[in-house]
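Report on the structure given below.
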Amino acid sequence: MKPKSIILLILLFIVTPALFIALVMGKPVPEQRDDIKAPVPLVEVVTVSTEPRAATIIAQGTVQPSKKIDVISRVSGQILAVSDHFDAGGFFSSGDMMIQIEKSDYELALVRAQSRLSEAQRAVAQERGQARQAQREWRDLGDDDANALALRKPQLEAAEAALRAAQGEVEQAQLDLERTTIIVPFNAVIADKKVEVGQFISAGQPVAHIYSTESVEVRVPLTDRQVRLVNLPMIGDRGGNIEAEVRGVFGGVEHAWTGQIRRIEASINVASQTVFAVVEVEDPYSVVDEGKTPLPVGLFVEAHIQGSVIDNAVLLPREALKPGNVIYVIRDGKLEFVEAQLLQSNSDGALVIAQLNEGEQVITAQMPYAVPGMDIAAREGF
Numbered sequence: 000m001k002p003k004s005i006i007l008l009i010l011l012f013i014v015t016p017a018l019f020i021a022l023v024m025g026k027p028v029p030e031q032r033d034d035i036k037a038p039v040p041l042v043e044v045v046t047v048s049t050e051p052r053a054a055t056i057i058a059q060g061t062v063q064p065s066k067k068i069d070v071i072s073r074v075s076g077q078i079l080a081v082s083d084h085f086d087a088g089g090f091f092s093s094g095d096m097m098i099q100i101e102k103s104d105y106e107l108a109l110v111r112a113q114s115r116l117s118e119a120q121r122a123v124a125q126e127r128g129q130a131r132q133a134q135r136e137w138r139d140l141g142d143d144d145a146n147a148l149a150l151r152k153p154q155l156e157a158a159e160a161a162l163r164a165a166q167g168e169v170e171q172a173q174l175d176l177e178r179t180t181i182i183v184p185f186n187a188v189i190a191d192k193k194v195e196v197g198q199f200i201s202a203g204q205p206v207a208h209i210y211s212t213e214s215v216e217v218r219v220p221l222t223d224r225q226v227r228l229v230n231l232p233m234i235g236d237r238g239g240n241i242e243a244e245v246r247g248v249f250g251g252v253e254h255a256w257t258g259q260i261r262r263i264e265a266s267i268n269v270a271s272q273t274v275f276a277v278v279e280v281e282d283p284y285s286v287v288d289e290g291k292t293p294l295p296v297g298l299f300v301e302a303h304i305q306g307s308v309i310d311n312a313v314l315l316p317r318e319a320l321k322p323g324n325v326i327y328v329i330r331d332g333k334l335e336f337v338e339a340q341l342l343q344s345n346s347d348g349a350l351v352i353a354q355l356n357e358g359e360q361v362i363t364a365q366m367p368y369a370v371p372g373m374d375i376a377a378r379e380g381f
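So the sequence shown is numbered by numbering that gives the first Met the number 0: it starts at 0 and just counts up by one.
Here it is in structure tokens:
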């Protein structure tokens, strides 16, 4: 290569970078702007209302009879007749005849017992007369030390004992005769009948299984938190006037019945750590009030129990309560975390106690990257 060409190449390598640097350095520097800010998140909120609220406890259970027994025959014999209502679902009032057992044998037994009673009464009268006669004879003889046998005291005591036995036999025969008519001991409905007309039954044999129609019970489990919200009676005590609305679907339609908590059972469930409250509903089969819908045994229901009034409780949508029982609140355009105590959560929302003021805005939107103190804007949503 010629010396002249080499010189030109060297100059080119030197001048080109210099020109590039000059162009860059000569370019005007962009003006710094401090008024540009990141966009503020816009979230849905609800406005806090701090009016006094009553907690409503909702618990589930199954309707059970408050009183149920097996009706048992006290005597043996053939069934001659039964009530027209003697069938599953038949209703009875207290004292109604359910079954009539053949009574001829028991009538004859009563006649025989009465005959033995008459004989015992005659024997006692006779012994008393003989005892008086013996006492007079000994007195006439001037002997005041007559022994008991001579005065016929043992014979009289034996006759009197036989009289008492005969009286007991008559009473027993009368009882057996009365028991040939089996009556219903309380207002009831037949759940299951176990015998038929013409059947021979033995003493001690069940003839029917019956439920009381006066009331039914619903055992509902309550957690420790729910118990604190209701002024319940102490364990084992009878309840007061705590009302509970029992709701259930019967005949394809939802119905409601009014009941009261009557007692709290004496034990706590070991597995769930719940205590059972017993809700009583009177006249479940509409015997007294025929306009009511029957509440049958076995129906699965919900009990809505009115709780205590809480002055500083707030009802919020459930989505407003974040993990860890934290509430997101907008204060002066900034996000703040407020701890809450959850009282209950159901379809109506979450009832909480928290340091919230009337009219404050609580965020209902999900905010996975929420940071206390960040700028935030509200949009009324719920």
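Glycine residues also receive a C-beta, built at the ideal position from the N, C-alpha and C atoms. Model, not experiment: these values are computed from the prediction.
Chain-order list of residues whose beta-carbon lies under 6 Å from that of residue i (same chain, five-residue window excluded)
i	result
residue 254	292
residue 69	205 and 208
residue 247	298 and 300
residue 281	214
residue 381	Caution applies to residue 381, whose pLDDT of 43 falls short of 50 and renders its modelled position unreliable; the model cannot decide the point.
C-alpha distance - residue i paired with residue j, whole-angstrom precision
i	j	result
residue 198	residue 181	15 Å
residue 52	residue 214	31 Å
residue 212	residue 257	16 Å
residue 187	residue 49	49 Å
residue 80	residue 185	20 Å
residue 110	residue 173	10 Å
residue 112	residue 195	31 Å
residue 309	residue 344	15 Å
residue 217	residue 171	42 Å
residue 242	residue 164	56 Å
residue 66	residue 189	12 Å
residue 132	residue 183	55 Å
residue 120	residue 108	18 Å
residue 166	residue 114	10 Å
residue 252	residue 56	23 Å
residue 200	residue 71	10 Å
residue 93	residue 118	39 Å
Other residues of its chain near residue i: CB distance less than 7 Å, five sequence neighbours each side excluded
i	result
residue 73	178 and 202
residue 371	334, 335 and 336
residue 127	155
Same chain only: Cβ atoms within 8 Å of residue i, ignoring 5 sequence neighbours per side
i	result
residue 122	158, 161 and 162
residue 249	292, 293, 294, 295 and 298
residue 104	76
residue 82	89, 91, 95, 96, 97 and 98
residue 340	324, 351, 352 and 353
Supposed close pair residue i, residue j - CB separation, criterion 8 Å
i	j	result
residue 346	residue 229	With a Cβ gap of about 19 Å, residue 346 and residue 229 do not count as contacting.
residue 362	residue 319	7 Å
residue 101	residue 76	5 Å
residue 169	residue 116	5 Å
residue 395	residue 349	Lying before the first or after the last residue shown, residue 395 is absent from the chain, which here runs from 0 to 381.
residue 278	residue 259	7 Å
residue 357	residue 47	6 Å
residue 332	residue 375	7 Å
residue 220	residue 58	6 Å
Inset, instruction - State whether the segment 214-226 contacts the segment 83-95, with contact taken as three or more CB pairs (one from each stretch) at a distance under 8 Å. - result: Here the segment 214-226 does not lie against the segment 83-95, with fewer than 3 beta-carbon pairs under 8 Å apart.
Inset, instruction - Pair every Cβ in the segment 271-285 with every Cβ in the segment 200-207, then say whether three or more of these pairs are closer than 8 Å. - result: Result no; under three Cβ-Cβ pairs closer than 8 Å.
Legend entry - Meets three-Cβ-pair contact criterion under 8 Å: the segment 294-301 and the segment 56-67: Touching, per the Cβ criterion.
Legend entry - Continuous beta strand (DSSP E) assignments of at least 3 residues falling wholly in the segment 298-368: Taking 3 residues as the minimum length, the beta strand (DSSP E) runs contained wholly in the segment 298-368 are 299-309, 312-315, 325-330, 333-345, 348-353 and 360-362, in order along the chain.
Inset, instruction - Counting only runs of 3+ residues fully inside the segment 195-246, write out the beta strand (DSSP E) ranges in chain order. - result: Every beta strand (DSSP E) of 3 residues or more that sits fully in the segment 195-246 is shown, in chain order, as 205-211 and 214-221.
Inset, instruction - Indicate whether the contact test is met: 3 or more Cβ pairs, each with one atom in the segment 270-283 and one in the segment 313-330, closer than 8 Å. - result: Look at the beta carbons and you see the segment 270-283 not touching the segment 313-330: under three pairs across the two are nearer than 8 Å.
Inset, instruction - Give, in chain order, every unbroken run of the alpha helix (DSSP H) that is at least 4 residues long and sits entirely within the segment 28-112. - result: Considered as a whole, the segment 28-112 harbours no complete run of any alpha helix (DSSP H) with no fewer than 4 residues.
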